[in-house]
Ligand code: 5GP
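Residue numbers (our numbering): 130 to 344.
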């Protein structure tokens, strides 16, 4: 039996973290995973080239356009999207479904298009939007990370504008101003959602408790 904070046996939680490129989603998720090693990370597929230091199979599965199209046509992707108008990204379906069925929680870092698709396919998903404290702060972070050309920074700022327009479809908005605070906030969302009564698993605990009380 899968014993959790929420009592015996529950389906794994699907935690979706979205927000514009450069807002710090990756850093926040890494901190969440450091504290909660029980959470699985969903490794996305992408057609973009690997950046310096990125590990294939761990940061992303780097695939060709042809392979991405094949996976998509074969139904192997839970969601997919063209991000920043040039590169395709997608979430492999099997690891997500396997984790949830086994009662393991899994986190996805995806864009708003992917978030919308996941919400439609799996309404029980927990949707978190990470926002910068201001648009200037976001631009500063994109310029500061020095992995992007100025053209790429502008493309990412245009995508960010679209992401901000879609904030209303999320359940939580987390402002990443102070990193330590934002990490606490993400962990708080995760822990609260684990205990949410709408998740399956509490009825078995209730029966056990009631049985133990006798008449
Ligand atoms: P980057 O190229 O900076 O790693 O990621 C660019 C954007 O692609 C990120 O902001 C992230 O939200 C999005 N992204 C990463 N993986 C996926 C995915 O599997 N599906 C979708 N829809 N978006 C993704």
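Cβ atoms here follow ideal geometry from the backbone N, Cα and C, with glycine treated the same way. Being a predicted model, the structure only gives us computed values, none of them experimental.
Could you pull the DSSP bridge partners for residue i from this structure?
i: residue 191; result: 175
i: residue 219; result: 174, 209
i: residue 185; result: 189
i: residue 258; result: 147, 302
i: residue 169; result: 235
Decide if residue i is buried, meaning its Cβ has at least 16 other Cβ atoms within 10 Å, or exposed.
i: residue 171; result: buried
i: residue 272; result: exposed
i: residue 305; result: buried
i: residue 149; result: buried
i: residue 200; result: buried
i: residue 134; result: Confidence is the limiting factor: at residue 134 the pLDDT is only 47, short of 50, which leaves the residue's position unreliable, though a coordinate-based value still follows. When all chains shown are included, residue 134 counts as exposed.
i: residue 275; result: exposed
i: residue 269; result: exposed
i: residue 161; result: buried
i: residue 296; result: exposed
i: residue 314; result: buried
Ends of the alpha helix (DSSP H) at residue i?
i: residue 248; result: 241–250
i: residue 279; result: 279–294
i: residue 235; result: Here residue 235 belongs to no alpha helix (DSSP H); instead the beta strand (DSSP E) covers 235–238.
i: residue 143; result: First-last for residue 143: 143–147, but that is the beta strand (DSSP E), not the alpha helix (DSSP H).
i: residue 156; result: 154–164
i: residue 264; result: 264–273
i: residue 336; result: 331–342
What first and last residue would you give for the beta strand (DSSP E) that runs through residue i?
i: residue 323; result: Not the beta strand (DSSP E): residue 323 falls in the alpha helix (DSSP H), residues 308–323.
i: residue 303; result: 301–304
Could you check if residue i belongs to the surroundings of the ligand MN, using beta carbon to heavy atom distance under 7 Å?
i: residue 177; result: By its list of ligands, the structure shown excludes the ligand MN, since it contains just the ligand 5GP.
Can you find a C-beta in chain C that's less than 8 Å from the C-beta of residue i?
i: residue 208; result: In summary, chain C is missing from the structure at hand, where a single protein chain is found.
- Cβ pair count under 8 Å reaching 3, the stretch 183–199 against the stretch 305–312: no
- Does the stretch 236–246 come within contact of the stretch 204–215, defined as at least 3 CB pairs closer than 8 Å? yes
- Task: Determine, using beta-carbon pairs with one atom in the stretch 164–180 and one in the stretch 331–339, whether at least three such pairs fall under 8 Å.
- Result: no
- Task: State whether the stretch 228–236 contacts the stretch 287–304, with contact taken as three or more CB pairs (one from each stretch) at a distance under 8 Å.
- Result: no
- Check whether the stretch 267–285 touches the stretch 216–226, counting contact only when three or more Cβ pairs, one atom from each stretch, lie closer than 8 Å. no
- For the stretch 261–271 and the stretch 138–146, state whether three or more C-beta atom pairs, one from each stretch, are separated by less than 8 Å. no
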